[in-house]
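Under the numbering used here, think of the first position of the sequence shown as 973, with each following residue one higher. Inspection log for the structure reproduced underneath, given as structure tokens.
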Amino acid sequence: MPFRSSSQPAPRPIAPAERRRARSLSVVAAAASVAAAVTLTLTVSGGPVAAASTAVPGDIACGAATTATTTATGSSPSNATDCDTGTAWQSTPATLQELMVDLGSTQAVDHVTIVWGSGYGTSFKIRTSPDGTTWHTQTAVTAGTGGTETVALPAGVSTRWIEIYGEHYAGSAGFSVDEFEVFGTAGTPTTSASPSASASASASPSSSASASPTSTSTGGATGFSQAQIDAAVAEPLIAFAAPTSSVPRPGTNPTQIGQAAALQYLALVDKEDPGAAATSGTTVDSALLAQVRNLIAGGHEPDADGGLEGWSHALVAQALLLVKNGPAWSELTATEQNKVALVEQAMGYAGNYAYNDASNFSSGICGYGNFAKTNNPNYEDGYVSVEAAAIQFFGASTWTQMLASFDDSTFASQLNAAGLTNAGGCFTTVGSAANTAIQPPFVWKGHTATDLMGIWNQEAADTFDQTVTSSVTGTSNGASVTAHINDGTTSPEQGKLGMGHEFDSTDSGGLRSSALYVFEGWMNVTGTRLAMSALGNFSCTGATSAAQYQVGSQDLMYKLHHGYISYAASQSGVLVDDAGDPSSDGPNTKGYQLDLDAYNTLIATQGC
């Protein structure tokens, strides 16, 4: 799997949306998703590109007020919307550039066409905003080709503001856009240069020197990255070791977390895109079934402790929830379905044991200690997310009844009889003392089993409750230190509410400012939202913490992309990034690339 090897680091995506399934971006002679799109034809013969100096019919951005994050000397943002491909906007040589257009009023938008200069976007996204301040990703392009590029937006988009959010560009001079055209209906959107037009080898950075044909990119819920599908399908079969107090525990082992992330990803793809397959020909569905069957084979399942092992257990719980509601469920035998349900029950019971408002334990079900439900968010996000999955798996009312009738001796016997001895052993260990802790209805920070959105909102609010800053100074393990973005840049979310709590927290060593701990919380808050979204249980209307979550997500992704020097009791100036650092315990090893692709595909386009 690509993100397993430190010698072959995964590509460095930037938040959000750097990946789409290969079929999402196709080079075509006529853009199939746009009724009358035409091909840009250029002949490279030494002369300048002929300018299209009149407005393209239907381009509602023509003449609109336009601004940009940066602008190179001699250029202007308005050049990109002056209806003339002979002029251009050029950014300074920096990534994460915005070219923003105010359409003057809220209008329906169907697609956009970008006529690139030589500094074309190799990865970028199209974002919209009702007010020019809060932006929502509509579509992402991860393999831009330059030339004239038509990008379709999801159905039903209306906006006043629209922008190109540039992430990476070709060349070294910055982004260059000759024209940014916006269309509200499927008309004839694409700028067409004369067949005799030509491009000079010595053209300026603002010239369209590429003879690339028109390309079309579409978003939507099936835009998973083919590379990530291939990686997840190729993942070794998941198997948790027997319970142990040794560190790392089976559920905190980085390899197990990565395998659990792959299981969740496969279940999500199978639910959202039935029939998807790896380039090897192996279907996602068959790979998922193999993983699930190995998980429940006996002695391979999570131990259902209820503590920090929720890092991986929550990913498994979300995966099994998606399996139950996807095409793979009917392909399992009744015995296999029963085992899946038992594993979900075990983890759900443990979540209620550990996090119910009425409980206050110093250890999980297995009795190994090192637990407090008031610990930093990366602790609570695991098994609270498990509980959200169990509630959806069984239904809130049924789940409450199952809790009320819980008997440890009976349940431990059921687990062990099914061969699920990892969880069975821990429930045998805790004994009847678990009964009074597990039987009450689930209530966490006042949120009941019927309040799924409240549970997610609380998780997100707890995890992303800081004001974004790009460096934090304090004392860690007796030394004065400054945690910071490795290349000295500033987060684009600077000053906004939503930075991960553990970028500015404390632990036994003093300052805790760790991109790794923030990621470990983010992966489960995100996993919960992904499953809820796939099942239709997530509502933007009720997502009161969505703004903080999005700020926190983009801030985390930026810091991972640029690298973050992290400090904590167990981390002293550790570089954490999305390129494979740390090699044995970093985000990539724990499935970040899969999580990011799922985020980009389902969450980044939700509008909240």
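Built from N, CA and C at the ideal position, the CB exists for glycine as well. Computed from a prediction, not measured in an experiment: that's the story for all the values here.
### Message
Which residues does DSSP list as the beta-bridge partners of S1538?
### Response
V1546
### Message
Check whether the region 1146–1155 and the region 1026–1039 touch, using three or more Cβ-Cβ pairs below 8 Å as the test.
### Response
yes
### Task
Note down the Cα distance separating A1433 from T1059, rounded to an integer number of angstroms.
46 Å
### Query
S1448 by DSSP, collapsed to three states: which one?
strand
### Task
Tell me whether K1417 sits in a helix, a strand or coil according to DSSP, three-state version.
coil
### Inter-residue spacing [alpha-carbon to alpha-carbon] between Q1439 and L1287
Note that residue 1439 is Thr in the sequence shown, not Gln. Their backbone Cα atoms lie some 28 Å apart in a straight line.
### Query
Whole-angstrom Cβ separation of S1538 and V1523, contact assumed at under 8 Å?
Not quite, the Cβ-Cβ distance comes to about 19 Å (not below 8 Å), so this is no contact.
### Query
Is it the case that the Cβ atoms of A1040 and T1064 are separated by a distance below 7 Å?
no
### Query
Where does K1468 fall in DSSP's three states?
coil
### From G1298, I1229, T1216, residue whose alpha carbon lies closest to that of G1247
G1298
### Option nearest A1551 by Cα separation, candidates G1467, T1401, Y1536, A1540
Y1536
### Message
Within the continuous alpha helix (DSSP H) that includes F1365, where are the two ends?
### Response
1349–1366
### Task
Check whether the region 1107–1115 touches the region 1569–1579, counting contact only when three or more Cβ pairs, one atom from each stretch, lie closer than 8 Å.
yes
### Task
Mark C1398 as exposed unless 16 or more other C-beta atoms lie within 10 angstroms of its C-beta, in which case mark it buried.
buried
### Task
Kindly identify the DSSP beta-bridge partner or partners of K1097.
A1112, Y1137
### Query
Of the choices S1480, D1479, D1476, L1528, whose alpha-carbon is the least far from that of W1494?
L1528
### Query
Using a Cβ-Cβ cut-off of 7 Å (strictly less than) and excluding sequence neighbours within five positions of S1485, which residues of its own chain qualify?
V1444, A1455, F1475, D1476, S1538, Y1539
### Query
What do you reckon, are the CB atoms on V1129 and A1052 nearer than 7 Å?
no
### Task
Tell me, please, whether the region 1375–1384 touches the region 1406–1413 by the rule of three or more beta-carbon pairs shorter than 8 Å.
yes
### Message
Am I right that E1316 and P1222 are in contact with their C-beta atoms under 8 Å? What's the rounded C-beta distance?
### Response
Not a contact, Cβ separation roughly 18 Å.
#### Entry: Element boundaries [beta strand (DSSP E), containing T1085]
1083–1088
### Query
If you draw a straight line from the alpha carbon of D1569 to that of S1197, how long is it in whole angstroms?
7 Å
### Query
Of all the options N1429, K1417, H1285, S1217, which has the alpha carbon lying nearest to the alpha carbon of S1517?
N1429
### Query
For T1013, does the three-state DSSP call read helix, strand or coil?
Only weak support exists for where T1013 lies, its pLDDT of 28 falling under 50; the coordinates are left without a value.
### Query
Which partner residues of E1070 appear in the DSSP bridge assignment?
Y1137
#### Entry: Residue environment, P1215, which counts as buried when at least 16 other CB atoms sit within 10 Å
buried
### Query
Thinking C-alpha only, which one of T1122, V1358, E1308 is nearest A1232?
V1358
#### Entry: Rounded distance between the beta-carbons of G1271 and G1391, thought under 8 Å
7 Å
### Query
Considering L1483, what are the terminal residues of the beta strand (DSSP E) in which it resides?
1482–1484
### Task
Check whether the Cβ atoms of N1324 and L1293 sit closer than 7 Å, and answer yes or no.
no
### Query
Skipping 5 residues on each side, what residues in its chain have a beta carbon closer than 6 Å to that of G1514?
M1425
### Message
Just to confirm the assignment, what range does the beta strand (DSSP E) spanning V1312 have?
### Response
Careful: V1312 lies outside any beta strand (DSSP E), inside the alpha helix (DSSP H) at 1306–1327.
### Query
Anyone know if the C-beta pair for A1036 and L1075 falls short of 7 Å?
yes
### Query
Which value, in whole angstroms, describes the spacing of the CA atoms of A1519 and A1306?
42 Å
### Query
Touch check for the region 1251–1260 and the region 1459–1470: three-plus C-beta pairs under 8 Å?
no
### Task
On the DSSP bridge assignment, give the partners of S1477 in chain order.
R1484
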